[in-house]
Amino acid sequence: MSHQLKTDFDLSYWLYLPQSYAEKRDWPLILFLHGSGERGNEPELVKKYGLAFWIDREENFPFVVVSPQCPAEVRWIDLVEKLDTLLDHILHTYAIARSRVYLTGLSMGGQGAWCLAAHHPERFAAVVPICGRIFPDYETKLCALKNVPVWVFHGEQDKAVWVKNSHQMVDLLRACGGNVRLTIFPDADHFCWDRVYTNPDFYAFFGSDWQSFS
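Take any residue in the sequence shown, note its place counting from 1, add 561, and you have its number in our numbering.
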């Protein structure tokens, strides 16, 4: 399903609710940020790759998932406060467990996940950036994430976003005592995210025993 939240401009988003969703219990939430190729004004595009692609085929994925669409002329790092506003809207509209809000993104969305989490670390129980580029003020902001579990993924053969981007941020986060894991796929290029989103260990990191997609 698709919705819109009115801010300074229309920020569209795609929302997944499990078939068994009911407000009598609180649900974990995943905020998924897409890559640069899915920008625009058609929220269905966010299902082209990544987590939204996989869960669109499931009726009882055990999370509520929100995937906003970035407008064509900007990047996620330009929309940090608008994403925070969207998150507030979702938390007040749906039955969400505030202690189980998770963040992940791929490519431009990986960069956005790093940036959003560093600016609002109190929001998230865990963060998984995939093949993300460094964000502009990471050297002064990243240590704010030191108490949030972070698992970083990247393909060694990535020519779109060099793997050194992830190494730089992981090294800095480790230097300030951060709880961070790094997984590099030696044979993978930029399109490594399906290996992450179909891996049960990813969902275990988000506190779920979900096994995989059929």
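Note that CB positions come from ideal geometry on N, CA and C, so glycine has one too.
| request: Could you spell out where the beta strand (DSSP E) holding residue 690 opens and where it closes? | output: 687–691
| query | Cβ atoms of residue 629 and residue 665: under 9 Å apart, would you say? | reply | no
| request: Go through the region 657–740 residue by residue and report every complete run of the beta strand (DSSP E) that reaches 3 residues or more, in order. | output: 657–667, 687–691, 711–716
| Going by the beta-carbon positions, is the gap between residue 729 and residue 747 smaller than 9 Å? | no
| What are the start and end residues of the beta strand (DSSP E) that includes residue 616? | Here residue 616 belongs to no beta strand (DSSP E); instead the alpha helix (DSSP H) covers 611–616.
| said: Give me the DSSP bridge partner(s) of residue 591. | reply: 626, 663
| Are the beta-carbon atoms of residue 702 and residue 676 separated by less than 9 Å? | yes
| field | Of the listed residues 661, 760, 593, nearest to residue 608 (C-alpha basis) | value | 593
| field | Spatial distance of residue 754 from residue 671 (CA atoms) | value | 10 Å
| task | Can you grab the Cα-Cα spacing for the pair residue 631 / residue 640, in whole Å? | result | 8 Å
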